[in-house]
Amino acid sequence: MSKIHVTTKVNGDDVEFLADPRESLLDCLRDKLDLTGAKEGCGTGDCGACSVSLDGTLVCSCLVLGVEAQGKTIETVEGMAQDGDLHPLQRKFIEHAALQCGFCTPGILVAAKNLLERNPDPTETEIRYWLAGNLCRCTGYDKIVRAVQDAAAEMRGAA
Amino acid sequence: MRYHTPATFEAAAALAAEASGVTRFLAGGTDVLVQLRAGMVTPDDLIDLKKIDGVKTMARTKDGGWQIGVAVSGAELGANAALVADWPGVVEGMELVGSTQVQGRATLVGNLCNGSPAADSVPGLVAAGATVTVTGPSGSREVPVGEIPAGPGKTALKKGEVISGVTLPPRGKNGGDAYLRFIPRTEMDIAVVGCAVNLRLDGDKIAEARVVLGAVAPTVIVVPEAAKAIIGTTLDDAALEKLAQAASAACKPIDDKRGTVAFRTDVAGVLARRAAKIAYDRAKGAK
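Chains as they are written, first to last, in our numbering: chain A, 1 to 159; chain B, 1001 to 1287.
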């Protein structure tokens, strides 16, 4: 099986890897680039734990092939903190205790960041619908929604 | 598995025609990659269509219809205000497919070619009179969307044929369409029943109508008796009752964990009534 050379940009860095065409982008991020923030929950696009931004679009990286990343721009949870400072969403998730086991958290942070880039002031309903593809079996979602709302408010104030 | 990125649909069709093993076309990948991972399908040749020019574009045709590329995602359809204004029923069907993440990748043609009788975007396309361009070894032809599904998981496409575009007809004046589905919760589920209605008014009366049901037969079904029940009426209570009866009478559903035969048959009538009312209001100018 011949591997394909892929060059892509991840969190602002140019990277390259060799991918078997059957490998998902999630596997390439985790196993070839050591970016283990995105998690595999279901592997079938149902749980959202592997969420990343691909050219600005929120996707499940388990439903993207590594070879499809050629020439694209990818953002993962590892790119959220800047110069050692947590992203407001990350801080608010800690403040609101919006996680317990934490397995879904990287995907939810990436998804919430993508939402706030489009809509800086989402309603609770908009947040819940946007995050409907991010499953969390610990929190009951309420604290997650509050954390996103609080982070959105802070980011609007800072802008 | 060999991964191909052809530059034209003709080249994609030629690759598929010459392939000796299992072939899959890749656009959004939200079904193909799931099947790949589950081991349901192990393609020898995977043909990625996203490097072909025009697959990501939505353009008005000269006659006022729409030409939609095969890799345009549900989210992109929803963000196109002019398209939503023309064909809200088509777009709301597609937008019901999956999560935000799935919407970023999933496509109309993928939903169609996956062959699910419960595909949410298909009834709206059929009701709208949409066609697809099928490109194969002997050239391209236009095929009504309703002729593509051939049964659960099956399409009428032959070896070496690939869908290379979707065409929606001009909306025209005094028209409206709508799609509704029933699922046991509010998001992220598969239709138990789906119903699309597309109609055109002449004054207050319905001049033309098409009623299409999903998830109640092996394929999407057009119900001409249901359309007849409302054509020539102002969608009064008697017409709605006849519409519901005709829709229910056309159902040939299965029993499964999502719904019984009796439930699906009854709900088809309920959804037909509601979708017809929304389509009627939209034809009257409601947003």
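For every residue, glycine included, the Cβ atom is placed at its ideal position computed from N, Cα and C.
Contact between the segment 1179-1193 of chain B and the segment 1151-1159 of chain B is absent: fewer than 3 CB-CB pairs across the two stretches fall below 8 Å.
Here G1214/B is buried: its Cβ has 16 or more other Cβ atoms, across all protein chains shown, within 10 Å. Taking a 10 Å sphere around the C-beta of A1150/B, we find fewer than 16 other C-beta atoms and assign the residue as exposed. The Cβ atoms of A1059/B and G1175/B lie no closer than 8 Å to each other. D1048/B sits away from W1066/B, with the two beta carbons spaced by 8 Å or more. Residue state for W1066/B is assigned as strand, using DSSP reduced to three classes. Not one beta carbon of chain A lies nearer than 8 Å to the beta carbon of V1109/B. A buried status is given to E75/A, since no fewer than 16 other beta-carbon atoms sit within 10 Å of its beta-carbon. When beta bridges are read from the DSSP output, S24/A appears opposite L65/A.
Between the segment 1010-1017 of chain B and the segment 1095-1105 of chain B there are fewer than three C-beta pairs closer than 8 Å, too few to call the two in contact. Judged by their CB atoms, V1216/B and A1268/B are nearer to each other than the 8 Å cut-off. Per DSSP, K1051/B has no beta-bridge partner at all. Between the segment 91-110 of chain A and the segment 65-74 of chain A, the count of Cβ pairs shorter than 8 Å is below three; the stretches do not touch. By the Cβ rule, the segment 1022-1038 of chain B counts as touching the segment 37-55 of chain A, because three or more pairs are nearer than 8 Å. Taken in chain order, the members of the segment 1053-1073 of chain B whose beta-carbon sits within less than 8 Å of a beta-carbon on chain A are S1073. The DSSP assignment places 51-54, 57-60 as complete runs of the beta strand (DSSP E) inside the segment 30-64 of chain A, in order along the chain (cut-off: 3 residues).
Chain A places a beta carbon closer than 8 Å to that of Q1101/B, counting this residue as a contact. Listed in chain order, the non-local C-beta contacts of C1113/B below 8 Å within the same chain comprise F1025, I1148, T1155, L1157, I1163, local neighbours out to five positions each way being set aside.
Contact with chain B is absent for I108/A, since none of that chain's Cβ atoms lies less than 8 Å from the residue's Cβ.
Ranked by Cα distance from T1061/B, the options P1170/B, T1133/B, D1053/B, N1111/B are led by P1170/B. Contact between the segment 105-113 of chain A and the segment 47-61 of chain A is established, with three or more Cβ pairs separated by less than 8 Å. For F93/A, the enclosing alpha helix (DSSP H) stretches over residues 88-95. Under the three-state reduction of DSSP, K1257/B is assigned to coil, being neither helix nor strand. Nearest in C-alpha terms to M80/A, of all of T8/A, K3/A, G12/A, is G12/A. Boundaries of the beta strand (DSSP E) around C1195/B: 1193-1202.
Annotation: G1160/B to T1131/B spans about 19 Å, alpha carbon to alpha carbon. Judged by pairs of C-beta atoms under 8 Å, the segment 1230-1238 of chain B does not touch the segment 1253-1268 of chain B, as fewer than three such pairs exist. Its chain contains A1127, N1198, A1227 as the residues whose beta carbon lies nearer than 6 Å to that of R1210/B, once the 5 sequence neighbours on both sides are disregarded; these appear in chain order. Of the other Cβ atoms in all chains shown, fewer than 16 fall within 10 Å of the Cβ of H5/A; this residue is therefore exposed. A direct Cα-Cα distance of roughly 20 Å separates K1242/B from D1202/B. Within chain A, the C-beta atoms nearer than 7 Å to that of T1030/B come from G45, L63, in chain order. Among the residues of chain A, those whose CB is under 7 Å from the CB of R1037/B are G43, T44, following chain order.
If you draw a straight line from the Cα of C62/A to the Cα of S24/A, it is about 5 Å long.
Interface annotation, E68/A: in contact with chain B, CB-CB separation under 8 Å. When the Cα atoms are used, S1020/B and A19/A turn out to be separated by approximately 24 Å.
For a cut-off of 8 Å, the C-beta gap from G1029/B to L65/A is around 7 Å, short enough to register as a contact.
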